[in-house]
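1 is the number of the first residue of the sequence shown in UniProt numbering; add one for each residue after it.
Heads up, the beta-carbon is just placed ideally off N, CA and C, and yes, glycines get one too.
Reading through the structure tokens given below for one structure.
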Amino acid sequence: MPKSESVFASLDLAAEPQLRLTELIAALTRNAVDFVVIGGVAAQLHQLPMPATVDLDITPSRTPENLTRLAKVFDEIDAALATAAAYGTWFPRHPISNWAQYETLHLITKFGLLDLVFKPDGSQRGFDELLPSCTLVRFEKVDVLVISVEKWLELKTATNREKDSIHIDLFKKGRGNKN
């Protein structure tokens, strides 16, 4: 297991990895990955009244070229599958067919947790469907595609999870609408 040992040796994940959003987004944009920010970071970038998040959720494009660029990012950020193991589980990043068929990948990286959600609840086609409703948001020194507030609310509603119901309530209270 020399390959997996080298991956894990660079990770410092005592309990819950610290989200280093700047570095994660920089790796994605530097490698020209086409993606949309969803989830908690999208809420934060829109300055919605939400608690801090511990991961970056993205919906990447599934074109073969984009998946190849994404695999390069996985190498760069030492991505491992998030599992019960302290450092996650190494997975073969090349060829992309090893992982591209999954709808969701929960990853541990040297920059924190990264969730790839190819088709979020409430979306039939993933990236291609979300793209028209996105806005460009300046983050640090790069422009990032972020789902609109309306689409964020739609996706949160579609999950039917308790934590998302809480986020929806926080959003409505923050907007002065308790309905």
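Expected contact under 8 angstroms - CB spacing of residue i and residue j to nearest Å
| i | j | result |
| --- | --- | --- |
| Arg20 | Gly112 | 5 angstroms |
| Val146 | Leu45 | 5 angstroms |
Where residue i falls: helix, strand or coil (DSSP)
| i | result |
| --- | --- |
| Val33 | coil |
| Pro60 | strand |
| Thr53 | coil |
| Leu170 | helix |
| Leu48 | coil |
| Leu19 | coil |
Beta-carbon proximity of residue i to residue j, cut-off 7 angstroms
| i | j | result |
| --- | --- | --- |
| Thr53 | Ile77 | no |
| Val41 | Leu24 | no |
| Val144 | Val37 | yes |
| Val117 | Leu70 | no |
| Glu140 | Thr22 | yes |
| Leu148 | Thr159 | Looking at the sequence shown, residue 148 is not Leu but Ser. No; because the gap between Cβ atoms is not below 7 angstroms, this pair is not in contact. |
| Ala80 | Trp90 | yes |
| Leu114 | Ile96 | no |
| Leu170 | Pro49 | yes |
Tell me, please, whether the region 118-129 touches the region 142-157 by the rule of three or more beta-carbon pairs shorter than 8 angstroms. yes
With three or more C-beta pairs closer than 8 angstroms as the rule, is the region 99-108 touching the region 128-138? no
3 or more residues per run - each beta strand (DSSP E) lying fully within the region 61-131: DSSP runs (the beta strand (DSSP E)) wholly in the region 61-131: 104-109, 112-117.
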